[in-house]
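S.K.:
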Amino acid sequence: MIAGGSPPPHLNGEVAPLDVEEKAAAEAELARLREEHRDLDTAIEAMVANARADHLQVQRLKKRKLVLKDRISQLEDDTLPDIIA
1 MIAGGSPPPH LNGEVAPLDV EEKAAAEAEL ARLREEHRDL DTAIEAMVAN ARADHLQVQR
61 LKKRKLVLKD RISQLEDDTL PDIIA
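Each residue of the sequence shown is one higher than the one before, starting from 1 at the first, in our numbering.
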């Protein structure tokens, strides 16, 4: 408990801000995920342009791309401070 009787933020259902090392690690992971997302986009475009493309493989790549997009959004939300207007 913090003086004043309220529990610390991590025990009160709030997310504690990232420390410097965690933020640097999150930024590095974000960069890696964004690069993989771009690479998948390029690969999907190339496969779709090929008339003999494996449609199952294209669907798998698209699904992976969506998973990456969700993870990128989650990391961005975690690393960007909430702004109260």
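Backbone N, C-alpha and C fix where the C-beta goes; we use that ideal spot for every residue, glycine too.
Note that the structure is predicted; figures quoted are calculated from it, not measured.
1) Buried or exposed for Leu56, please, with buried defined as at least 16 other CB atoms from any protein chain shown within 10 angstroms of its CB.
2) Does DSSP classify Leu68 as helix, strand or coil?
3) Near Glu36, which residues of its chain fall below 8 Å by C-beta distance, leaving aside the five closest residues on each side in sequence?
4) Measure the CB-CB distance between Arg34 and Ile83 and report whether it falls below 9 Å.
5) Indicate the three-state DSSP secondary structure (helix, strand or coil) for Ile83 in the structure shown.
6) Should Leu30 and Leu75 be called a contact, given that it needs their Cβ atoms to be closer than 9 Å?
M.R.: The short version:
1) exposed
2) helix
3) Leu68
4) no
5) coil
6) yes
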